[in-house]
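Undergrad: Have a look at this one.
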Amino acid sequence: MSQAGERGVAERPGKELRLDPFYLIVDDAEMAERLVPVGVKLLQLRAKDMDAARLRREIRRTRDVCAAHGCLLVINDFWRLAIEEGCDVVHLGQEDLAEADCAAIRAAGLKLGVSTHDSAELAVALAADPDYVALGPVWQTKLKVMKWAPQTPERLGVWRQRIGDLPLVAIGGITVERLPQVFAQGADSAAVVTDVTRAADPEARAREWLAATAPYRR
23 MSQAGERGVA
33 ERPGKELRLD
43 PFYLIVDDAE
53 MAERLVPVGV
63 KLLQLRAKDM
73 DAARLRREIR
83 RTRDVCAAHG
93 CLLVINDFWR
103 LAIEEGCDVV
113 HLGQEDLAEA
123 DCAAIRAAGL
133 KLGVSTHDSA
143 ELAVALAADP
153 DYVALGPVWQ
163 TKLKVMKWAP
173 QTPERLGVWR
183 QRIGDLPLVA
193 IGGITVERLP
203 QVFAQGADSA
213 AVVTDVTRAA
223 DPEARAREWL
233 AATAPYRR
């Protein structure tokens with residue numbers, strides 16, 4: 023059984039994941055240790071600019087706090103470390119997907135999520151047989167400069183039709199107030215970074231997200 027199954031994360035028929043509607047993305051284990059105990063059930067560690075030793079420590083700490091609280095852990099980019107450290111899911115951007123060994127990821131029992139920004143990237147993602155697809159930025163994001171214009175919630179509806187039953191993750195500029203627009207277009211999960219992690223009180227903001235996404239939680 024996969025670690026996701028062992029931790030009580032229900033899966034859809036076949037290989038598809040059932041994702042929590044609140045998908046929190048953090049930069050380090052410290053933030054994970056603060057926010058996972060609040061009740062977060064889906065968390066991505068997107069660690070950047072770390073040496074190999076620190077990165078492994080960050081993954082281990084995040085893995086352990088997620089395991090203790092029944093939270094599904096997604097590792098961004100570092101698929102080899104995710105395999106070695108027994109994580110649940112790997113999330114890859116298009117460049118990382120081109121270089122990744124998807125067969126090794128599958129053989130290790132990990133699930134795979136892929137970022138998309140346009141139709142060409144969606145085709146590449148679907149060819150990799152992912153367990154979920156992410157589309158963004160839905161709105162303009164503060165996190166980084168993007169070469170893609172905001173996709174708009176309506177594009178989520180197009181992606182929903184094109185990917186069938188695969189879980190769809192919306193990301194980019196999403197706030198609690200915008201959540202109804204995201205889910206109305208067929209998203210299964212809304213990913214957030216700065217609206218929580220850069221809030222004056224991240225724990226309180228995470229609780230607001232948990233409350234706001236409760237109606238969409240299966």
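Under the numbering used here, think of the first position of the sequence shown as 23, with each following residue one higher. In this text, a Cβ means the ideal position worked out from N, Cα and C, and glycines have one as well.
Nearest CA to the CA of Thr174: which residue from Gln207, Ile185, Tyr154?
TA: Per the Cα distances, Gln207.
Undergrad: Please confirm if the stretch 82–93 is in contact with the stretch 112–125, defined as three or more CB-CB distances below 8 Å between the two stretches.
TA: The stretch 82–93 vs the stretch 112–125: no contact.
Undergrad: Could you have a look at Thr163 and say whether DSSP puts it in helix, strand or coil?
TA: Residue state, collapsed to three classes: coil.
Undergrad: Does DSSP put Thr197 in a helix, in a strand, or in coil?
TA: Coil, per DSSP.
Undergrad: For Asp50 and Gln183, I'd like the C-alpha separation in whole angstroms.
TA: Approximately 35 Å, taken between the alpha carbons.
Undergrad: Are Met53 and Thr163 closer than 7 Å when you measure CB to CB?
TA: Result no, Cβ atoms of Met53 and Thr163 do not sit closer than 7 Å.
Undergrad: So Leu61 is in the beta strand (DSSP E); what residue range does that whole segment cover?
TA: At residue 61 the sequence reads Gly, which differs from the Leu that was named. No beta strand (DSSP E) holds Gly61; the alpha helix (DSSP H) holding it covers 51–61.
Undergrad: Going by Cα to Cα distance, which pick from Asp110, Leu64, Val96, Leu103 is closest to Leu77?
TA: It is Leu103 whose Cα lies nearest to the Cα of Leu77.
Undergrad: Taking DSSP's pairing of strands, which residues face Lys133 in a bridge?
TA: BP columns for Lys133 point to Val111.
Undergrad: Check each candidate in Ala234, Arg239, Arg227 and name the one with the smallest Cα separation from Val60.
TA: Cα-wise, what sits closest to Val60 is Arg227.
Undergrad: Leaving aside the five residues before and after Trp170 along the sequence, list all residues of the same chain whose C-beta is less than 6 Å from its C-beta, in chain order.
TA: Result list for Trp170: His139, in chain order.
Undergrad: On the DSSP letters alone, give me the boundaries of the alpha helix (DSSP H) that Ala226 sits inside.
TA: Per DSSP, Ala226 belongs to the alpha helix (DSSP H) from 224–235.
Undergrad: Taking 8 Å as the limit between beta carbons, can you name the residues of its chain near Gln203, skipping five residues before and five after?
TA: Answer for Gln203: Pro175, listed in chain order.
Undergrad: Please report the Cβ distance between Leu114 and Tyr154, rounded to the nearest whole angstrom; I am assuming they are in contact, meaning their Cβ atoms lie under 8 Å.
TA: In fact, because the Cβ distance is near 11 Å, the residues do not count as touching under 8 Å.
Undergrad: Look at the Cβ atom of Ala156, then the Cβ atom of Val198, and state whether they are nearer than 7 Å.
TA: No, the Cβ-Cβ distance between Ala156 and Val198 is not below 7 Å.
Undergrad: For the beta strand (DSSP E) that Leu64 lies in, which residues bound it at each end?
TA: Looking at the DSSP string, the run of the beta strand (DSSP E) that includes Leu64 is 64–67.
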